[in-house]
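Per my numbering, the sequence shown starts with residue 1178, numbered consecutively. Following: one structure in structure tokens, then a few remarks.
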Amino acid sequence: MSELVRFGVSIEQDLLEKYDELITESGYANRSEAIRDLIREALIQEKLDAEGETESLGSLTLVYDHHARNLSGEMAEIQHDHHHNIISVMHLHVSHDDCLEILALKGKVGELVNLSNSLLILKGIKNGKLYLTLPSSKIVG
Ligand code: NI
1178 MSELVRFGVS
1188 IEQDLLEKYD
1198 ELITESGYAN
1208 RSEAIRDLIR
1218 EALIQEKLDA
1228 EGETESLGSL
1238 TLVYDHHARN
1248 LSGEMAEIQH
1258 DHHHNIISVM
1268 HLHVSHDDCL
1278 EILALKGKVG
1288 ELVNLSNSLL
1298 ILKGIKNGKL
1308 YLTLPSSKIV
1318 G
């Protein structure tokens, strides 16, 4: 870890008060740690957006009704086609109708986005979201 640097920031008082409320609710011990996390997140997102070739880690969460016609078969086919990007799949039968599926992913950003999009657009998938991050060795600070 490199040397700590202190710097001053000019900001509207009401904006800072709202931010302090938010980070206190989130459980941050101090403002500095919250701002460090904001900066790290911005740097990670910049790297993830920069090129589809960046090696990344991710999770895809999907919610669907398991009665949807052909959906399970289509999902399985897509996942087999991308088996090299899928580390693990957790499937939960959360109610009589609903399935919650969480895929742990690893690979190039472009590959993970394509895989996720091909699942998210399937008829019957009610909601879903891909979260991407970087291996910890690639995260500054
Ligand atoms: Ni299920």
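Glycine included, each C-beta is placed from N, C-alpha and C at the ideal position.
*Just the residues with CB closer than 6 Å to a heavy atom of the ligand NI, in chain order, which are they?*
His1243, His1268, His1270 and Cys1276
*Are leucine 1309 and glycine 1235 touching if we call contact CB-CB under 8 Å?*
yes
*Examine the Cβ distances between the segment 1206–1215 and the segment 1259–1279 and report whether three or more of them are shorter than 8 Å.*
no
*Once you ignore the five residues that flank asparagine 1262 on each side, which residues in its own chain have a CB closer than 7 Å to its CB?*
Leu1282, Lys1283, Gly1284, Glu1288, Leu1289 and Leu1292
*Measuring CB to CB, does threonine 1238 end up less than 8 Å from lysine 1306?*
yes
*Cβ of leucine 1299 within 8 Å of Cβ of leucine 1248?*
yes
_Backbone CA spacing between glutamate 1198 and isoleucine 1188 [nearest angstrom]_ = 15 Å
_Just to confirm the assignment, what range does the alpha helix (DSSP H) spanning serine 1265 have?_
Run containing serine 1265: none in the alpha helix (DSSP H); it sits in the beta strand (DSSP E), 1263–1270.
_Anticipated Cβ contact below 8 Å, arginine 1217 with valine 1317, distance rounded_ = 7 Å
*Going by the beta-carbon positions, is the gap between glycine 1301 and tyrosine 1241 smaller than 8 Å?*
yes
*asked:* In the DSSP assignment, the beta strand (DSSP E) including alanine 1219 goes from what residue to what residue?
replied: Premise fails: alanine 1219 lies in the alpha helix (DSSP H), 1208–1227, not in any beta strand (DSSP E).
*Environment of leucine 1280 [buried if 16+ CB atoms lie within 10 Å]*: buried
*Compare the beta carbon distance of isoleucine 1221 and alanine 1211 with 8 Å and say whether it is the shorter of the two.*
no
*leucine 1225 versus serine 1314 - alpha carbon distance*: 14 Å
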